[in-house]
Amino acid sequence: GAVVSQHPSWVICKSGTSVKIECRSLDFQATTMFWYRQFPKQSLMLMATSNEGSKATYEQGVEKDKFLINHASLTLSTLTVTSAHPEDSSFYICSALSGTGVHEQYFGPGTRLTVT
Amino acid sequence: ILNVEQSPQSLHVQEGDSTNFTCSFPSSNFYALHWYRWETAKSPEALFVMTLNGDEKKKGRISATLNTKEGYSYLYIKGSQPEDSATYLCAFRGYSSASKIIFGSGTRLSIRP
């Protein structure tokens, strides 16, 4: 099956710094990638839809200036958490749309971000 | 606001027993219903995607049914094994193939040896 990698798998950073998370589709091209966030004991919440070569579409309540998304190629999307605060600590996971059939989504393994 | 609910939140089952759990979703503007299996420290793994009312899908000991008119899907696991321990997520997609997926909060399944 299709493979999506995510890097780093976990990161600890200090308040005020920025963190970049990479999402790569390894064996297929993904024109669309999604970024999700999961709070403890809650569901995956869609943050934004990332389209290759165009601006990301953010969900209501997600600050686009804080969570910068870049989808520079058909296999790579990045999420940068700018000026991180402890409340940004969460589990971030990406998925990539395969573009076939009913458009199956393939997920990365996620990134655990802790802001101290 | 689209709401996708899963029940129960968690489930403990004896090895060898069969079990099932539920996903409820909006019954209007339905496009597809997805089931994922998510083990700790791994990527969610796609189990099934169902699009037609009355769909039944099977993969080994795991099967799923779909009722789009009443807005629910059941996931069944026959003869549970320890490796079935995971969180099972359902996700609803409405309107079109390109619309976003709305996830339920998952059912956490633990199998007791």
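Protein sequence lines correspond, in order, to chains A and B. Going by the working numbering, 56 is the number at position 56 of the first sequence; the sequence numbering is gapless. Going by the working numbering, 93 is the number at position 93 of the second sequence; the sequence numbering is gapless. Note that beta-carbon positions come from the ideal geometry of N, C-alpha and C, so glycine has one too. This one's a predicted model, so the numbers in the text were calculated from it and none came from an experiment.
_Neighbouring residues, chain B, relative to V117/A (Cβ below 9 Å)_ = As displayed, chain A neither begins before 1 nor continues past 116, which places residue 117/A out of reach and without an answer.
*Name the DSSP bridge partner or partners of I14/B?*
Here the sequence assigns Gln to residue 14/B, which means Ile is not the residue at that position. Residue pairing of Q14/B in beta bridges, as defined by DSSP: R112/B.
*With DSSP run on the structure shown, which of helix, strand or coil describes E104/A?*
E104/A sits in coil when the DSSP states are folded into three classes, being neither helix nor strand.
*asked:* Can you look up E5/B in the DSSP assignment and give me helix, strand or coil?
replied: Reduced to three states, the DSSP call for E5/B is strand.
*Beta-carbon neighbours of F103/B, restricted to chain A and to distances below 7 Å*: The contact set of F103/B on chain A, defined by CB atoms closer than 7 Å, consists of S43 and L44 in chain order.
*Specify the secondary structure class of E56/B as computed by DSSP and reduced to three states.*
It is a strand residue.
*Flag S43/B as yes if its beta-carbon sits less than 9 Å from any beta-carbon of chain A, otherwise no.*
Closer than 9 Å: yes.
*Does the beta carbon of P109/A sit closer than 9 Å to a beta carbon anywhere in chain B?*
Yes, P109/A lies at the interface with chain B (some Cβ there is under 9 Å from its Cβ).
*Is there contact here, the region 107-114 of chain A with the region 11-20 of chain B, by at least three beta-carbon pairs under 8 Å?*
The region 107-114 of chain A, when compared against the region 11-20 of chain B, does not touch it at the 8 Å Cβ threshold.
*Counting along the chain, where does the beta strand (DSSP E) carrying A32/B start and finish?*
Counting along the chain, the beta strand (DSSP E) containing A32/B begins and ends at F30 to W38.
_Reference M50/B; option with closest CA among L11/B, S85/B, A32/B and I101/B_ = Of the listed residues, the one whose Cα sits closest to M50/B is A32/B.
*Can you list the residues of chain B that T114/A reaches, using a CB-CB cut of under 9 Å?*
Here the premise fails: no neighbours, minimum Cβ distance about 16 Å.
*Output, in chain order, the set of chain A residues within a Cβ distance shorter than 8 Å of G106/B.*
S43, listed in chain order.
*C-beta neighbour in chain B for T75/A, strict 9 Å*: Under the 9 Å criterion on CB atoms, T75/A is classed as non-interfacial with respect to chain B.
_Rounded distance between the beta-carbons of F103/B and L2/B, thought under 8 Å_ = At roughly 10 Å, the Cβ-Cβ gap does not stay under 8 Å, so L2/B and F103/B are not in contact.
*With 9 Å as the threshold, decide whether the Cβ of I93/A is near any Cβ in chain B.*
Output row for I93/A: interface = yes.
*So does the region 78-94 of chain A actually touch the region 62-73 of chain B, counting three or more Cβ pairs closer than 8 Å?*
When Cβ pairs closer than 8 Å are counted between the two stretches, the region 78-94 of chain A is seen not to touch the region 62-73 of chain B, the count staying below three.
*asked:* So, at 6 Å on beta carbons, what are the nonlocal neighbours of I12/A in its own chain, with the 5 sequence-adjacent residues on each side left out?
replied: When the five nearest sequence neighbours on each side are left out, the beta carbons in the same chain lying within less than 6 Å of the beta carbon of I12/A are those of T114, in order along the chain.
*Excluding sequence positions up to five away, which residues of its chain have a Cβ less than 7 Å from the Cβ of P82/B?*
Taken in chain order, the residues that qualify are E15, I111 and P113.
_Nearest-angstrom Cα separation, counted from T31/A out to G61/A_ = Distance between the alpha carbons of G61/A and T31/A: 24 Å.
*Apart from the five residues just before and just after T65/B, which ones in its own chain have a Cβ nearer than 6 Å to its Cβ?*
Only E56 and Y74 meet the Cβ criterion.
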